[in-house]
Structures are given as C-alpha cells and as structure tokens.
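*Asks:*
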Amino acid sequence: MDELVLDRKIQYDNEIVLDRKFGFYKKNMDELRNLFEKMTNNHTEVRSVKCELAKCLNREKSCRMALEVKEAELQKLKLERDFEKKKQELQELRSKLEMLQNRNRFLNDEIQKLSRMLQQEQFRNHSKQLNLQDMSAEVDQLKRDYVFLLQSCIRITCTDGPEMMELYMYGEKRHKQRVFALLEEARKVDPSLPNLEGMTTSLCHVDSLGFKHLFVDKSLILHYVCRQLHRHYSTQLRSHERHLAAWKRYLKKHPNNILRPSIQKLQSVLHAFCLHSPKLGYCQGMNFLVGMMLLFVDAEDAFWCLVAIVERYFPSSYFDQNLIGAQADQELLKELLRSKLPKISAHLAALDIELSTVTLNWFLSLFIDSVPIEKNIIIMKDRTDFQALLRE
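Heads up, the sequence shown is in UniProt numbering, so the first residue is 1 and it goes up one at a time.
1. Are residue 405 and L280 closer than 7 Å when you measure CB to CB?
2. DSSP state of L220, grouped into three classes?
3. Give me the Cα-Cα distance between V310 and K212, rounded to the nearest whole angstrom.
4. So S356 and Q330 are in contact, right, with Cβ under 8 Å, and what is the actual spacing, rounded?
5. Decide if F36 is buried, meaning its Cβ has at least 16 other Cβ atoms within 10 Å, or exposed.
6. Apart from the five residues just before and just after F273, which ones in its own chain have a Cβ nearer than 6 Å to its Cβ?
7. Would you check if the distance between the CB atom of V225 and the CB atom of V189 is smaller than 7 Å?
8. What is the DSSP secondary structure of V290, reduced to helix, strand or coil?
9. Ends of the beta strand (DSSP E) at C204?
10. Kindly give me the distance between the Cβ atoms of L193 and L203, rounded to whole angstroms, as I take these residues to be in contact under 8 Å.
11. Which residue comes first and which comes last in the beta strand (DSSP E) that contains L214?
12. If we count Cβ pairs, one from each stretch, closer than 8 Å, do we get three or more for the stretch 279 to 299 versus the stretch 358 to 375?
13. Please report the straight-line C-alpha distance between K50 and Q91, rounded to a whole angstrom.
14. How would you call H232, buried or exposed, if buried means at least 16 neighbouring beta carbons within 10 angstroms?
15. If you draw a straight line from the C-alpha of E31 to the C-alpha of M39, how long is it?
16. Do L229 and L182 have their C-beta atoms closer together than 7 Å?
17. Alpha carbon to alpha carbon, how far is Q387 from L332?
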C-alpha cells in the first residue's frame, strides 16, 4: 500500500512536474512562435525596406542623371547666352572700332591738312623773315651810306690853324636831328656808342678802348657821330657776320688757339710751376721750354723737367724778377763778342744796338725759338742730360 501510494504520489509529482514543464515549454514555444513571427515580419519588413531603398536609390540615380542632364543643358544654355552676349558685345566693339577708325582717318586728314597749312605758313613766314632781313639789311645799308655821305659832305675850313675851324653843311639842323635820332636808335643795340648829352656838355668822349676824343666845337661832334654810326652799321651787315664767321673758323684752326689740347697742357704745366715755386712764378721763355718738352714727354714729366732746369741747372737768380743771372750772361756774351768778333761788336756799337734786347730771350728759352729744332736738340744734349736731372 505504501508503495502504491508512494508510486502514485511520485507519479502525481511527475505529472505535476511534467505539466509545469509542458506549460513552461508551451509558454516558451509560444514566445518562440511569436518571436519567429516577429522575425518573419521583420524579415518581410526588411525586404520591403530594401526594396523601397533600392527603389529610392534608383530614383536618386535617375534624379541625379536627370539633374546632370539638366545642369549640362543649363551650362549649354549659359554658354549660348554668354556667346550671344559676347557676340553682341563684339559686334558693338566692331561698330565702335569702325567709328573710331573713321574718326581717326578724318582726324589724320585734318592733321595732314593742318600740317600742310603749317608748312605753307612757315614757308611764307620764313620768306617774310628773309624779306624782312633783306629789308633791314637794306635799311642799315642805306643808313650807313647816308651817314657816310653826310660825313663826306661835311666841309671843315681852317682859317688860322687848327684852333680856328669852321664846319659847314647844307641843312645842318635837319641832318643833325636825323643823325642824333639814328644815334639813339643805335645805342639800344650797341650801348658802347657815344652819348650825345655827355659829348655836348663836356666836348669830349672816351671810347671803349680808353682813347679820349676832344671836340673844339660842337659841330665837330656830328662828324664823329657819323663815323661811329658808319662803323656800327657796317657791323650789322651780313657781310660782317660772314667775315666774323670766317675769322672764328680761322682761330679754331690756328695753332695758337687756347682751346687746343696742347695749349691747355702748356697752361696747366705753367700754372703748376707757379704753384710749386711762387717766389719765381712765371718768367718769359718758360713757355718755349715747356712747349719743347711736351713734344717728347707727357705733362707731368715736362713739369719736373722745368723744375729741374730752373732749380738745379740754372742759378736761383736766373729766372727771378730782376733776371740777375740772365743779365750776367748778357755781359759775358758782350765780352765774348768783343774778343771773338770785334768787327760785329763795333758795328753794333756804332749803330747803338743793345745786344741784350735780341739775345736775352735766347738764353731764357735755351735757344728753342732761335735755332731749328734739330740743332736745338743737339745743343740740349751737349748742355745737359734731362734724365740725369730728373734722377737728381
């Protein structure tokens, strides 16, 4: 009995356990079924979402393609619009360019016309200036001839010597007024001409060279003024200008022109020596020495050659202000001439010729300007060695 009860109890307990387990399993199965259904539904939703996503991606792709096409078309339309705009602007610029070219051609034609007119006016002006110059020259020539004729018509009579002179001329008053008017007009060009008021008050005139002209009578002033006006009008003629131009060309070509480089070198050497030896300074004859040296050496060597000759070869008193050494050589030359050539010495004494007036420059310039250059070089070699002087 007990075993049966125990078996039933165990069976009952097993059934209860089984029921509990079955309930638990059933519950789990229901939950699993629900989860499976949910998962199935989720898969379905995922598929649908993927389909929708694919559709959206396709639509997006198609939209992008359409957008790209639209953008390409829009860009094309913009380019076409810009092209039309640029084409229109180019057309406007071409029209403006054509207008400017036409205007430029018109202005060029006007400038050429004005240039031709200007050339014609310049030619006419030049011709008029030439005519005016010719007329002015002719007027100056007439004035010159007038004062010359007036000067030649003045008659001066001397009664009792030069202190008593009378000047007579037909129409003297009228001619005086004209001549004095010409004088005032000429003084505007050349102020060095005499002043009428000064001459009439003091009866004398000092010219530009310092010469004093006295007039014993006021009438003689007219004669002097005529001479001065004749000289003034002569300088205004073209022939005088050509004469001055010819003289200027001659002076430029002349060897003694101060603007020549050789003359400037000579002056620079002499100035340097005056600064080097201010007590002696420049003495007559040094220019011949320096000029001779510059033919063979440059300016610096010529300067030191001059210093060597003046300070070492000659005594210190030879080129001073009194030329004591040079005068002593002249006395010695006279003694030599009396002893060696007595006839020439007596002849010079008979003619009262002082020998030093001729020979002083010979000694000061070392015979450079008195004998040919070939002989002078021999004399210089015999007298001294310049290189030795320079070395000292």
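Backbone N, C-alpha and C fix where the C-beta goes; we use that ideal spot for every residue, glycine too. Values in this document were obtained by computation on a predicted structure and should not be read as measured data.
*Replies:* Concretely, from the data shown:
1. The shown model of the chain, from 1 to 392, leaves out residue 405, and the question about it has no answer.
2. helix
3. 44 Å
4. Indeed they touch by this definition, with Cβ atoms about 4 Å apart.
5. exposed
6. L306
7. no
8. Three-state result, V290: helix.
9. 204 to 206
10. That pair is no contact at about 17 Å.
11. 212 to 214
12. yes
13. 59 Å
14. Residue environment analysis places H232 among the buried positions, since at least 16 neighbouring C-beta atoms fall within 10 angstroms of its C-beta.
15. 12 Å
16. yes
17. Residue confidence for Q387 is low, a pLDDT of 42 falling below 50, so the modelled location carries little weight and cannot support an answer.
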